[in-house]
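So the sequence shown is numbered by our numbering: it starts at 52 and just counts up by one.
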Amino acid sequence: MTAVALSRRVFLLAAIFAYLQIALGGVVRVTGSGLGCPDWPLCHGRPYPPADLNAIIEYSHRTVGAITGVLIIATVVA
Numbered sequence: 052m053t054a055v056a057l058s059r060r061v062f063l064l065a066a067i068f069a070y071l072q073i074a075l076g077g078v079v080r081v082t083g084s085g086l087g088c089p090d091w092p093l094c095h096g097r098p099y100p101p102a103d104l105n106a107i108i109e110y111s112h113r114t115v116g117a118i119t120g121v122l123i124i125a126t127v128v129a
């Protein structure tokens, strides 16, 4: 795979994750899940969320945000 093809794939993946992050932000807002995980970076003092829908939604939003950040940095570097 050439460097240009790799850059395009990383950019496309970053764009998809950025869109997913925006969509999940809307889900967090509409469901009121913003306080599903009251502390950071843990969730209720644990590295994984409890079996509560609000906590899972908020934790998913955090996780996708972290992945999106890494992909955006990779896009700049690639």
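The beta carbon of each residue, even a glycine, is placed where N, CA and C say it ideally should be.
Discussion item. Suppose the cutoff is 6 Å on Cβ atoms and the five residues either side in sequence are ignored; what does the same chain contact list for glutamine 72 look like?
Written reply: Val115, Gly116 and Thr119
Fill in: Sheet register partners of cysteine 94 (DSSP bridge)
Arg97
Discussion item. Quick check on threonine 53: does DSSP put it in helix, strand or coil?
Written reply: coil
Worksheet item: Whose CA, out of Ile107, Met52, Ala56 and Val61, lies closest to the CA of valine 127?
Response: Val61
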